[in-house]
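Down below is the structure, laid out as structure tokens.
In full-length UniProt numbering, the protein residues as written are 1 to 110.
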């Protein structure tokens with residue numbers, strides 16, 4: 001999930017993201033981040049250590065300064081809390097009643 005924006009004036013963006021995250025193996029937390037042009041702007045260690053295919057709601061909000069005329073690509077990123085070549089993190093996948101995955105940018109002063 002990503003969004004792209006190019007502000008016409010320098011301003012502040014409040015970036016929010018949420019996802020129901022879960023893993024295919026027990027023993028790994030599911031962490032959520034917001035990436036701005038390839039750099040993590042905010043990170044939330046969200047837990048979910050014991051369950052397998054058990055949704056863990058994760059929400060993150062962070063503020064970033066944006067410069068006029070610069071294009072920004074903003075993405076949600078997720079990972080396990082420790083290196084895990086054998087575990088996959090999923091966001092809102094499956095047949096359950098999961099919260100919609102969202103990425104929101106609120107611009108102030110643009």
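Think of the CB as a built atom: it goes at the ideal place given N, C-alpha and C, for glycine as much as any other residue. A quick note: this is a predicted structure, and the numbers were derived from the prediction, not measured.
ask   = CB residue 32 to CB residue 76, shorter than 8 Å?
value = Along the chain shown, read from residue 1 onward, the residue named residue 32 stands at position 32. Along the chain shown, read from residue 1 onward, the residue named residue 76 stands at position 76. Using a Cβ distance threshold of 8 Å, residue 32 and residue 76 count as a contacting pair.
key: Buried/exposed call for residue 56, threshold 16 Cβ in 10 Å   = In the chain shown, residue 56 corresponds to position 56, counting from 1. Buried is the call here.
ask   = Any heavy atom of the ligand NAD within a distance shorter than 7 Å of the CB on residue 85?
value = In the structure on display, the ligand NAD does not appear, and there are no ligands present to speak of.
Which listed residue (87, 102, 80) has its alpha carbon closest to that of residue 3 = To locate residue 3, count along the chain shown from 1; it is residue 3. Among 87, 102, 80, the Cα nearest to that of residue 3 is on 102.
ask   = Between 12, 110, 44, which lies nearest to residue 29 when the distance is taken from Cα to Cα?
value = The sequence position of residue 29 within the chain shown is 29, counting from 1. Here the closest residue by C-alpha is 44.
inquiry  = Under DSSP, the beta strand (DSSP E) around residue 52 begins and ends at which residues?
reply    = Translated into the one-based positions of the chain shown, residue 52 becomes position 52. For residue 52, there is no enclosing beta strand (DSSP E), since its DSSP letter is neither H nor E.
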